[in-house]
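*Asks:* Below is a structure I'd like to ask you about.
This is the structure:
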């Protein structure tokens, strides 16, 4: 009998040991900005260890659920309705044996609604604030609406967040030193201009708020701005002076260019081709050149005058084709050595005689040697020149005027 009693006590003790599973420890909930994370730890490494989460909402009728996980944390961001309150508890399970719920039988209670009687009240952080000092001892503050700012940052439950918080209307309190100011905001960006003490070196604001759904908004830090400093008048004066000078100079250049364009003479497209280039137009006085008539006679046929640009109309040139120019004529004669040379009359220096002589009434053939002249003729004639072309061959010609070039 005593041996049986001992065996019964042994198996009873083993059953008690197997059923005594340690509960989780350090169970904490962080809920802010619509992001809720439940964390815990376990004192020992146990094979087959799982954790059961019991979650419920204080609704009518109450709603509850549970699930198993081997992890030491879980995301509860879907439990963020501003009008609801929630509870959660964690239980360790080893081979079918369960521990006591942690942190207690009631678990952790939380809500985003600031008036609910729960253990943990969730809230929203105030978005970054811009504080700018202004004239007349004032500061301008601006920041994004907290509801819009934090719902926009959510990835999984963004639409649900905007649905649960359908209004952006929020109430804010701004504390500057010992002064407190309040204002409402229904826009995506909240702005307000407030007076400050000019004697302070910097102006710092502490802002708290409450959304229309009853969610608390807390500031994580003070936001400050340095006092407003008026710019030096001299700097503005220099800027004004330089701007005026540049404007006047620009306007003057524009007027000058317009004047030049209006007053610049325009050359007709019809006249322009007839105007020679400056390099061709020679305005200097030509030097006098003595030309040997015989040499010119030999070379005149080799060179033909050419002009790149006609200086007179074609019609005028055709009208003068019947006119013979007597600007230069070569005299005919034979020198003592039998060559062709200039015949210089006696009594005319340099071989230059009068352009016209007394004419002869007899225009027919006459004896070149007679030399008879009729002084009473009404016509003028040129000097007669007799040239011996060969034995018993004489030729009579007239000497034309010789001009010096």
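In mature numbering (1 follows the signal peptide of the UniProt record, and there is no 0), the protein residues as written are -20 to -1, 1 to 385. Think of the CB as a built atom: it goes at the ideal place given N, C-alpha and C, for glycine as much as any other residue.
(1) Compare the Cα-Cα distances from residue 34 to each of 64, 25 and 72 and report the closest residue.
(2) Please report the distance separating the alpha-carbon of residue 188 from that of residue 148.
(3) Between the Cα of residue 59 and the Cα atoms of 51, 120, 44 and 179, which residue gives the shortest distance?
(4) Does the pairing of the stretch 90 to 100 with the stretch 108 to 119 give three or more beta-carbon distances under 8 Å?
(5) Ignore the nearest five residues each way along the sequence and tell me which others in residue 79's own chain have a CB closer than 8 Å to its CB.
(6) Just verifying my parser: in three-state terms, what is the DSSP assignment at residue 134?
(7) Excluding the 5 residues preceding and the 5 following residue 129 in the sequence, name in chain order all residues of the same chain whose CB lies nearer than 6 Å to its CB.
(8) Using DSSP with H/G/I as helix, E/B as strand and the rest coil, what is residue 69?
(9) Since residue 63 contacts residue 93 with CB under 8 Å, what's their CB separation in whole angstroms?
(10) Leaving out five residues on either side along the sequence, give the residues of the same chain with a beta carbon under 6 Å from the beta carbon of residue 168.
(11) I need the straight-line Cα distance from residue 12 to residue 218, nearest angstrom please.
(12) Might you give, ordered along the chain, the residues of its own chain that have their beta carbon closer than 6 Å to the beta carbon of residue 50, omitting 5 neighbours on each side?
(13) As an exercise, report each continuous beta strand (DSSP E) stretch of at least 3 residues that is fully enclosed by the stretch 176 to 202, in chain order.
(14) I'd like to check one pair, residue 154 with residue 176: are the Cβ atoms closer than 7 Å?
(15) By the 10 Å Cβ neighbour count, where 16 or more other Cβ atoms means buried, how is residue 88 classified, buried or exposed?
(16) On the three-state DSSP scale, how would you describe residue 204?
(17) Could you tell me whether the Cβ atoms of residue 142 and residue 131 are closer together than 7 Å?
(18) Taking buried to mean at least 16 other C-beta atoms within 10 Å of its own C-beta, is residue 6 buried or exposed?
(19) Taking all protein chains shown into account, do 16 or more other C-beta atoms lie within 10 angstroms of the C-beta of residue 239, making it buried, or fewer, making it exposed?
(20) Which partner residues of residue 172 appear in the DSSP bridge assignment?
(21) Buried or exposed, going by whether 16 or more other CB atoms sit within 10 Å of the CB of residue 121?
(22) Look at the Cβ atom of residue 150, then the Cβ atom of residue 191, and state whether they are nearer than 7 Å.
(23) Any idea if residue 376 is buried or exposed, counting beta-carbon neighbours within 10 angstroms, 16 or more meaning buried?
(24) For residue 152, which option in 46, 232, 196 and 57 has the closest C-alpha, if you only look at C-alpha atoms?
(25) Leaving aside the five residues before and after residue 21 along the sequence, list all residues of the same chain whose C-beta is less than 8 Å from its C-beta, in chain order.
*Replies:* Looking at the atomic coordinates:
(1) 72
(2) 15 Å
(3) Residue 59 has its Cα closest to that of 44, out of 51, 120, 44 and 179.
(4) no
(5) 1, 2, 3, 4, 71, 72 and 73
(6) coil
(7) 107
(8) strand
(9) 6 Å
(10) 125 and 128
(11) 53 Å
(12) The residues are 30.
(13) Complete beta strand (DSSP E) runs here, min 3: 183 to 191 and 196 to 198.
(14) Annotated as distal: residue 176 and residue 154, with beta-carbon spacing of 7 Å or more.
(15) Label assigned to residue 88: buried.
(16) Strand, per DSSP.
(17) yes
(18) exposed
(19) exposed
(20) 121
(21) buried
(22) yes
(23) exposed
(24) 196
(25) Excluding residues within five positions, the ones whose Cβ falls inside 8 Å are 4, 5, 6 and 52.
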